[in-house]
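Asks: So the sequences go chain by chain: B and L.
For reference, each letter of the first sequence is one residue, going 250 to 644 in our numbering.
For reference, each letter of the second sequence is one residue, going 700 to 1076 in our numbering.
In this text, a Cβ means the ideal position worked out from N, Cα and C, and glycines have one as well.
Model, not experiment: these values are computed from the prediction.
If you scroll down you'll find the structure; I have some questions about it.
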Amino acid sequence: MNNIILIKYGELTLKKGNIKYFIDCLYKNINHKLKGLTVNIIKDNRRMFVEYQAKDQTTIIDILKHIAGIYSFVICYKVASDLEKIKTEALNLVSKEKFNTFKVETKRSDKTFKYNSNEISRMVGSYILKNIANIKVDVHHPELLLNIEVRKDYTYLYTNEIKGLGGYPVGIQGKGMLMLSGGIDSPVAGFLALKKGIKLECIYFESIPHTSIEARNKVINLIKKMTKFTNEINLHIIPFTKMQETIYQHVDPKYMITIMRRMMYRITELLAKKNNCLVIVNGESIGQVASQTLSSMAVINEVTNMPIIRPLSCMDKIDIIDIAKKIATYDISILPFQDCCTVFVPKHPVTNPKLEKAILMEKTFNYEDLIKECLDNVITIKITDIEQDNLHNLL
Amino acid sequence: MIYLDYSATTPVNLEVLTSFEKVAKDYIGNPNSLHKLGSDSYELMNRAIEQMASLLNVKSNELIFTSGATEANNLAIKGICYKYQNRGKHIITTKLEHSSVSEVMHYLSNRGFEISYVNLLDNGLVDIEHLKSLIRDDTILVSICHVNSEVGIVQPINEIGKALKKYSKLFFHVDGTQAVGKIPVDLTNIDLYSFSSHKIYGLKGVGCLFKQASIDLEPLLHGGKSQSIYRAGTPSLALIVSFSKALRLSLENLDEKYEHIKKLNDLIRNELSKYEHIKINSNEHCLPHILNISYVGINSETFMHALEQHGIYVSSQTACSKLDGPSKTIMALYNDKKRAISSIRISLSHLTTEEEINLFLKCFDVEYEALSAVLGE
């Protein structure tokens, strides 16, 4: 296998003390995603190398683009660390590209190699100049950048860098409980959390028959898309019908959403603790709906001390939609099924709720028993990235 | 039986048929219904369309499913003309088009549109310089078939598409019915591209129009929610799924299949060129899948029926054109009426075997001799 992809870690290399832990985690994630392919993964403190078979190249590139913690990667060519061989391969490599100006950049980790980086760049550069007509060197804004990395036994040559996701490997930050509704925002929030290394579990509130089984399938399909960035996600389905109906019967319609959200937070916190999650993640974005004004958030948030990560809090909807399209959740999110936040919606929900009022209203019914009932009857589904696909043979 | 009329239609691949049956039986929901059965169908439809889009390297929302290539061609041409007629009413096309394009042109010419025909070079390829010279300020559409259905000329649509790029007001439609599944197709420089399922071992009754996302069209059919806003009607899920499968299978081992057919084509070509009255109409720019010849002096239909007695099925002109009158394609290429009323199309498949061809050649010889008695002077 002479096909090699070189992976650069990005932010990871800043984390001095824990670097080994970070790299092991990334290695584990990459290894998991490449399972089933014939590859050989080699890691060291600054780089990872994936040796692969030529036929798998497109598949592997696609997989690597979805793994958090990879800053960038390049398809590179391996030659013995010998100046003549490096020159020949360099010429061979750049002659496949179209360019007018170029630059050679050399890194030499093997300090015993008899030329230093600048000398190697110069010699290879002039060899290329001699052999290809009408090109020039431009050290400031080259159209083509040829990188040479001289290591002990082998030298790696590469040109174009493919950008990775960045962030940290999923799992290094522990777990978060994502509140998933089926809308556009929550999967994006989940993706951003995954990208920062947070492993996810999801909580979904279901109000059958006010919401349909299709709405649940929609959430499952959203999670399937999110598993492209992680290996598995547990989905906890909370039967919320009774709670929602009770709120409807006891609470001033204006405060229904406020109280409902407070209940959701209470349930989420308990479920999160039970599943060893350190934080709650959700798709709230300031000002987007009545329950997401600052005063609403303050009143709703009052029920929990658990940190709440709101990756979208300061983003505009249009930018959120952009990300949703990139991670392929948008088309699923816009399917027109009712979710539990869209049933029993009052015409004029309060945008500036008062905490005292909310507390007073909650005293009119025994919510603690209802919460317990919700948690006792939770359904948990494990959704893995291995597609169990029965549609495949039809196509 | 020796079937040598694969360009008219192909036998359905049994795997494709199985998919059709399963989907028709198991997926009864309308993809647009909001219940479970509907969303199952919806998911399957999306997957089928996604697969097709990725095979063609385009986006899912750029594919519009129709009842066949005829509807796809109609939708492309009329859809553009009706939508953009305020820009102008001038269309450019060729004399090599299938009737589902040329008849639409004829129809539009009676409704205030002006049609220009681009010159062909001696080898049958579109004269791109002449094409550019025909473009006017009011030209809104250029329509050129990728592969001609009678003789098999492959037009350099990529090159033509690139040349047309700088004329931002006009759209470029390509009828790809005879190309898809036979040669690699690159849609980068094409605005609209039609093709059909039954030419690639899929079922009859479904076709597809690729349309670049940024282009608008006036629909031919209006009605309820469907697979695309440009074509109303309940999506035919089983047909769409089977079409997607047919496309996937037709693109497998494309090179190998091409080489096999090329070998058979060479074999026939070498043998038939030995006959005095046989003229080979397909040149080096033609697909090996199609070999068009003329038995000069003998009507197409006569020779076709003569071969039919041996259980050999070829075609005179294309199955879709009217049988009377000389072939327009052959006239456009050779301007020779005798040749144009005697043309025969032999069309081959990767399913065709060398034994079949040898038997065909034997029968050909017998009928050639028999009919030579009735040749005039």
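With DSSP collapsed to three states, give me the class of L:E1054.
Replies: In this structure, L:E1054 counts as helix in the three-state DSSP scheme.
Asks: Could you check which residue in B:S545, B:I469, B:K621 has the C-alpha nearest to that of B:R515?
Replies: B:K621
Asks: May I have the straight-line CA-CA distance separating L:V825 from L:L743, to the nearest angstrom?
Replies: 41 Å
Asks: CA-CA distance, B:K327 and B:M372?
Replies: 19 Å
Asks: So with Cβ pairs under 7 Å, would you call B:E455 a contact of chain L?
Replies: no
Asks: Answer yes or no: does any C-beta atom of chain L fall closer than 7 Å to that of B:I635?
Replies: no
Asks: Can you tell me where the alpha helix (DSSP H) holding B:R296 begins and where it ends?
Replies: Taken as a continuous stretch (DSSP letters only), B:R296 belongs to no alpha helix (DSSP H), being part of the beta strand (DSSP E) at 296 to 301.
Asks: Hey, is L:L902's beta-carbon within less than 7 Å of any beta-carbon in chain B?
Replies: no
Asks: From L:S808, L:N731, L:V715, pick the residue whose C-alpha is nearest to that of L:G932; which is it?
Replies: L:N731
Asks: Under the three-state reduction of DSSP, which class applies to L:K973: helix, strand or coil?
Replies: coil
Asks: Is there a Cβ from chain L that is less than 7 Å from the Cβ of B:I462?
Replies: yes
Asks: Closer than 7 Å, Cβ to any Cβ of chain B: which residues of the stretch 741 to 761 of chain L, in chain order?
Replies: L743, R746, A747, Q750
Asks: Using a threshold of 7 Å, state whether the C-beta atoms of L:S740 and L:L936 are closer than that.
Replies: yes
Asks: Under 7 Å, do B:L427 and B:L449 count as touching if we go by C-beta distance?
Replies: Note that the C-beta distance between B:L427 and B:L449 is below 7 Å.
Asks: Please confirm whether L:S943 has its beta-carbon closer than 7 Å to some beta-carbon of chain B.
Replies: yes
Asks: From L:E1054 to L:C1062, what distance separates their C-alpha atoms?
Replies: 12 Å
Asks: Give me the subset of the stretch 719 to 736 of chain L whose CB atoms are less than 7 Å from a CB atom of chain B, sorted by chain position.
Replies: K721, V722, L733, H734, K735
Asks: In the DSSP assignment, find the unbroken alpha helix (DSSP H) run with B:I312 in it and report its ends.
Replies: 306 to 314
Asks: Can you grab the Cα-Cα spacing for the pair B:F362 / B:K477, in whole Å?
Replies: CA-to-CA, the gap between B:F362 and B:K477 works out to about 42 Å.
Asks: Could you give the distance in angstroms between the alpha-carbon of L:F812 and the alpha-carbon of L:K788?
Replies: 5 Å
Asks: Could I get the ranges of all uninterrupted beta strand (DSSP E) runs contained in the stretch 830 to 900 of chain L, with 3 residues as the minimum, in chain order?
Replies: 838 to 844, 870 to 874, 891 to 895
Asks: Comparing C-alpha positions only, which one of L:I882, L:I852, L:H829 sits nearest to L:L863?
Replies: L:H829
Asks: Quick one: which chain L residues come within Cβ less than 9 Å of B:L429?
Replies: Near B:L429 there are no residues of chain L at all, since even the closest Cβ is about 18 Å away, more than 9 Å.
Asks: Restricting to Cα atoms, I'd like to know which of B:L441, B:Y376, B:I433, B:A317 is closest to B:L332.
Replies: Residue B:Y376 is the option with its Cα nearest to B:L332.
Asks: Using DSSP bridges, identify the partner residues of B:E481.
Replies: B:T633
Asks: Which residue marks the beginning of the alpha helix (DSSP H) containing B:S358, and which one marks its end?
Replies: Premise fails: B:S358 is in no alpha helix (DSSP H) and is neither H nor E.
Asks: Rounded to whole angstroms, what is the Cα-Cα separation between B:T307 and B:E410?
Replies: 15 Å
Asks: Does the beta-carbon distance from L:S981 to L:G778 come in below 7 Å?
Replies: no
Asks: So does the stretch 909 to 919 of chain L actually touch the stretch 888 to 896 of chain L, counting three or more Cβ pairs closer than 8 Å?
Replies: yes
Asks: Which residue marks the beginning of the alpha helix (DSSP H) containing B:N252, and which one marks its end?
Replies: Unbroken run through B:N252 is the beta strand (DSSP E), 252 to 257; no alpha helix (DSSP H).
Asks: Given that a residue counts as buried once 16 or more other Cβ atoms are within 10 Å of its Cβ, and exposed if not, what is L:R810?
Replies: exposed
Asks: Can you confirm whether L:S925, when its beta carbon is compared against all beta carbons of chain B, has any partner nearer than 7 Å?
Replies: no
Asks: Using a Cβ distance threshold of 8 Å, determine whether the stretch 525 to 542 of chain B contacts the stretch 705 to 712 of chain L, with at least three qualifying pairs required.
Replies: no
Asks: Buried or exposed for B:G439, going by 16 or more other Cβ atoms inside 10 Å?
Replies: buried
Asks: Does L:S1026 come within less than 7 Å of chain B when only Cβ atoms are used?
Replies: No - not a single Cβ of chain B is within 7 Å of the one on L:S1026.
Asks: Would DSSP call B:Y417 helix, strand or coil?
Replies: In this structure, B:Y417 counts as coil in the three-state DSSP scheme.
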